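Visitor: Residues are numbered in the working numbering as their position in the sequence shown, beginning at 1, plus a constant of 5. Note that beta-carbon positions come from the ideal geometry of N, C-alpha and C, so glycine has one too. Small disclaimer: the values here were computed from a predicted structure and weren't measured.
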Amino acid sequence: MEQFAVSSRPDGSISNSLVSWIDYKLGKFRSEIIATNLQTAALIANEFTRNDDLLMERVQAHHERQLTALVTSKTTRAPDAPRANISPLLPKQGNKTLCMRYLSKKGCNGPAPGQCFDPNRAHFKPLALPPDAKTFIDKNFLGLASEFQDL
């Protein structure tokens with residue numbers, strides 16, 4: 006059972022499913038012993054594998070229930086509301102807004118040096134940076150790069 010847990014104890018649902026599968030296999034074994042089909046009963050030991058069809062069906066059903074639960078819970082990523090609030094405050098170069106990632110320790114990985122990955126943003130050193138933008142960069146991009154610490 007611990008092999009199915011990967012890195013922690015298995016949850017109750019998968020444990021119950023595993024116990025039910027084992028109970029089914031042992032019941033099948035008992036039936037063959039009672040019917041005195043000892044050779045057939047001995048072959049049932051080969052069915053106790055992770056690749057057993059019935060076990061795979063149960064594990065798949067468990068994963069489908071988990072997926073359904075995730076989808077129905079509508080777990081979504083938090084909206085990028087802070088960036089939307091900061092964008093109007095950022096300096097512009099022509100019609101392009103400053104790329105905050107460019108100013109950060111993470112840096113911007115545009116298609117070419119000096120180019121931003123977003124065609125609506127530009128790489129330049131502004132004269133000043135709004136405090137909210139600094140906070141956003143600290144929180145999301147590991148802070149300002151050393152050459153922009155004076156902003």
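Decide yes or no for the touch test of the segment 101-120 against the segment 63-76: beta carbon pairs closer than 8 Å, at least 3 of them.
Guide: Verdict: no, contact absent.
Visitor: Please list the terminal residues of the continuous alpha helix (DSSP H) segment that includes T77.
Guide: First-last of the alpha helix (DSSP H) with T77: 58-77.
Visitor: Quick one: residues in its chain with C-beta nearer than 8 Å to the C-beta of A133, no 5 flanking neighbours on either side, listed in chain order?
Guide: Excluding sequence neighbours, A133 sits near P96, L156.
Visitor: Q154 and F129: beta carbons closer than 8 Å?
Guide: Contact flag unset, no.
Visitor: Roughly how far, in whole angstroms, is the beta-carbon of S22 from the beta-carbon of R63, given that I think they are within contact range, below 8 Å?
Guide: With a Cβ gap of about 4 Å, S22 and R63 count as contacting.
Visitor: Specify the secondary structure class of R106 as computed by DSSP and reduced to three states.
Guide: In this structure, R106 counts as helix in the three-state DSSP scheme.
Visitor: Considering only their Cβ atoms, is the gap separating R126 from L103 smaller than 8 Å?
Guide: Contact flag set, yes.
Visitor: Identify whether L31 lies in helix, strand or coil by the three-state DSSP scheme.
Guide: Looking at L31 - three-state DSSP - the assignment turns out to be helix.
Visitor: Have a look at M61, K101, P136 and flag the residue whose alpha-carbon is nearest the alpha-carbon of C121.
Guide: With distances taken between Cα atoms, C121 lies closest to K101.
Visitor: Using the beta-carbon count (16 or more within 10 Å), is L59 buried or exposed?
Guide: Looking at its Cβ environment, which holds fewer than 16 other Cβ atoms inside 10 Å, L59 is exposed.
Visitor: Buried or exposed for A138, going by 16 or more other Cβ atoms inside 10 Å?
Guide: Buried, because 16 or more other Cβ atoms sit within 10 Å of the Cβ of A138.
Visitor: So, under 8 Å CB-CB, K30 and F53 are touching, yes? Tell me the CB distance rounded to an integer number of Å.
Guide: Contact flag correct, Cβ pair sits at about 6 Å.
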